[in-house]
Each structure stands twice: as structure tokens, then as C-alpha cells.
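Residue numbers (this note's numbering): 18 to 84.
Glycine included, C-beta positions come from ideal geometry on N, C-alpha and C.
Only one structure is covered here, and it is reproduced in the block below.
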């Protein structure tokens, strides 16, 4: 993702976005053939961006339902 992480000085850095998902049952466990998918959307910025020697990581859970 271009310009994902913006620093106070106005520079910005690219983030890497990854989607991971699996068929899930009502309790969130893997259930083959389920019409519901559970997973996460994770974006990671480079270590050292904005002068900080840490990765900026944002992780969001998600759910997809077949309609």
C-alpha cells in the first residue's frame, strides 16, 4: 500500500497488506464447507520508518458471509 505510514515530517512509507481467511463455524473454529469465512486483514509498515526501529502493525479481524 503506497503512502500507508505517514511521518510527522511529511514523508511516507509503503505498507504490506495481507488477507488471511478460513471457513468458520459459529464458534470460530475451522469448519470445512461453511458459508462463513473468518480471518484477518493485516498491514505492516517497515521497521525504521519515521525514525522508529519498530514495525507499525495494524490487524483487523473480519467476517465474510455468503449471500
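Between residue 58 and residue 79 a beta carbon distance of about 6 Å is seen, short of the 8 Å cut, so the two are scored as contacting. By the Cβ test, the segment 41 to 53 is not in contact with the segment 63 to 71, since fewer than three Cβ pairs between them sit closer than 8 Å.
The C-alpha of residue 82 is placed about 16 Å away from the C-alpha of residue 36. Under the DSSP assignment, residue 58 falls in the beta strand (DSSP E) whose first and last residues are 53 to 61. A direct Cα-to-Cα measurement between residue 63 and residue 52 gives close to 35 Å.
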